[in-house]
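What follows is a single structure, written as structure tokens, with notes after it.
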Amino acid sequence: MSELLIKPRGTAGKLHDITVEKARSAKSPDWSYVGFGLYRLKAGERAEEATGDREVILVLVEGKAEIAAADASLGVLGERMNVFERKKPACAYIPNGSSWTATAVTDCTFAVCTAPGRGSYKARVLDVPDLVTRGKGANTRYIFPIAMEESDVADSLLVTEVFTPAGNWSSYPPHRHDEDRFPEMTYLEETYYHRLNPEQGYGHQRVFTEDGTLDETMSVSNHDVVLVPKGHHPCAAPYGYDMYYLNVMAGPLRKWRFQNHPNHDWIAKRDA
Numbered sequence: 103m104s105e106l107l108i109k110p111r112g113t114a115g116k117l118h119d120i121t122v123e124k125a126r127s128a129k130s131p132d133w134s135y136v137g138f139g140l141y142r143l144k145a146g147e148r149a150e151e152a153t154g155d156r157e158v159i160l161v162l163v164e165g166k167a168e169i170a171a172a173d174a175s176l177g178v179l180g181e182r183m184n185v186f187e188r189k190k191p192a193c194a195y196i197p198n199g200s201s202w203t204a205t206a207v208t209d210c211t212f213a214v215c216t217a218p219g220r221g222s223y224k225a226r227v228l229d230v231p232d233l234v235t236r237g238k239g240a241n242t243r244y245i246f247p248i249a250m251e252e253s254d255v256a257d258s259l260l261v262t263e264v265f266t267p268a269g270n271w272s273s274y275p276p277h278r279h280d281e282d283r284f285p286e287m288t289y290l291e292e293t294y295y296h297r298l299n300p301e302q303g304y305g306h307q308r309v310f311t312e313d314g315t316l317d318e319t320m321s322v323s324n325h326d327v328v329l330v331p332k333g334h335h336p337c338a339a340p341y342g343y344d345m346y347y348l349n350v351m352a353g354p355l356r357k358w359r360f361q362n363h364p365n366h367d368w369i370a371k372r373d374a
């Protein structure tokens with residue numbers, strides 16, 4: 103199995119605990135920014151963590167939870183009981199140097215997105231932008247830009263949700279953001295947390311560089327995470343199975359600048 107494909111450890115509790123140190127491997131030796139955790143709690147169960155030197159965005163993927171952060175209550179968050187309802191997600195920001203707790207009000211699944219923090223922002227509930235549509239034809243997908251560059255909400259984190267209908271492509275045409283040379287491109291590590299509907303489904307994701315030194319094609323199942331340390335990273339949802347993924351990106355500059363693969367950039371230009 104590819105080092106870039108991280109399987110959940112069980113079906114309840116903390117399914118993922120991907121720290122910077124754990125993400126480093128032969129395929130991603132320089133991983134330094136993005137961390138990702140995932141909890142699945144039963145109603146009444148509780149999780150808590152200290153943030154240390156990292157800022158956090160909690161994303162209520164589905165279900166309701168009462169969130170407290172930095173010794174203040176942020177209330178009961180979450181309206182989406184199933185992620186594929188495509189309702190707007192509830193999200194909370196927690197700064198570095200603090201802590202958070204989440205108590206499940208219903209069965210719930212929530213993600214813990216982390217990156218280096220500088221203490222610029224206070225703990226709060228985020229105002230998530232409305233759903234937007236990108237692409238055309240079999241490249242159509244639907245996006246909640248939770249905390250992208252246009253929103254001044256975090257020191258490092260860029261977070262977004264993507265819904266890809268069955269039979270469609272996403273993160274496509276293939277593109278990369280693995281060089282620190284703004285404004286042409288920014289270096290951003292990225293994680294993909296995948297869900298499929300129906301849940302027994304699967305999808306595909308390829309991570310590859312133009313010189314061929316990295317070329318991994320992975321079949322992803324429900325709750326799998328894919329690490330993207332560099333290179334292009336398109337996804338495909340097979341006929342019969344809708345795909346959801348939660349993206350977390352971070353790097354030395356909180357800007358999202360990418361370049362399409364030169365062989366496939368004509369698709370973006372045609373569809374512009």
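To get the numbering used here, take the position in the sequence shown, counting from 1, and add 102.
Note that CB positions come from ideal geometry on N, CA and C, so glycine has one too.
From the DSSP output, read off the bridge partner residues of residue i.
i	result
residue 311	Residue 311 is not bridged to any residue.
residue 396	The question about residue 396 has no answer here: the residues shown for the chain are numbered 103 through 374.
residue 288	In DSSP, residue 288 forms no bridge with anything.
residue 146	None; residue 146 has no bridge partner.
residue 242	Answer is none; residue 242 lacks a bridge partner.
residue 346	265 and 297
residue 271	338
residue 175	170
Here's a check: name, in chain order, each residue in its chain whose Cβ is nearer than 7 Å to the Cβ of residue i, leaving out the five neighbours to either side.
i	result
residue 156	137, 198, 216, 217, 218 and 219
residue 369	275
residue 188	233, 244 and 265
residue 319	306 and 308
Kindly list the residues whose CB is nearer than 6 Å to the CB of residue i, restricted to its own chain and excluding five residues on each side of it in sequence; keep chain order.
i	result
residue 304	321 and 323
residue 121	137
residue 330	292 and 309
residue 231	247
Look at residue i and residue j and say whether their C-beta atoms are less than 8 Å apart.
i	j	result
residue 126	residue 133	yes
residue 295	residue 174	no
residue 158	residue 185	no
residue 180	residue 171	no
residue 267	residue 344	yes
residue 196	residue 225	yes
Here's a check: name, in chain order, each residue in its chain whose Cβ is nearer than 8 Å to the Cβ of residue i, leaving out the five neighbours to either side.
i	result
residue 240	269, 270 and 271
residue 245	233, 234, 235, 236, 262, 263, 264 and 265
residue 352	135, 136, 217, 218, 258, 259, 260, 290 and 291
residue 358	250, 251, 260, 279, 288, 290 and 351
residue 297	163, 185, 186, 324, 325, 345, 346 and 347
Could you please give the first and the last residue of the uninterrupted beta strand (DSSP E) stretch that includes residue i?
i	result
residue 202	201–206
residue 116	115–120
residue 130	Counting along the chain, residue 130 falls outside any beta strand (DSSP E), and DSSP gives it neither H nor E.
residue 236	234–236
residue 317	317–322
residue 60	Limits of the chain in this structure are 103 at one end and 374 at the other, which puts residue 60 out of reach.
residue 192	192–196
To the nearest angstrom, how far is the alpha carbon of residue i from that of residue j?
i	j	result
residue 336	residue 273	5 Å
residue 277	residue 372	16 Å
residue 145	residue 207	5 Å
residue 221	residue 256	9 Å
residue 129	residue 202	32 Å
residue 354	residue 284	11 Å
residue 117	residue 228	24 Å
residue 211	residue 113	11 Å
residue 314	residue 105	17 Å
residue 328	residue 139	13 Å
residue 366	residue 193	35 Å
residue 160	residue 204	9 Å
residue 317	residue 200	39 Å
residue 176	residue 349	24 Å
residue 123	residue 339	30 Å
residue 363	residue 281	14 Å
Would you give the residue range spanned by the alpha helix (DSSP H) that residue i belongs to?
i	result
residue 373	367–373
Taking 7 Å as the cut-off, is the beta-carbon of residue i closer than that to any non-hydrogen atom of the ligand GTP?
i	result
residue 298	This structure does not include the ligand GTP; it has no bound ligands of any sort.
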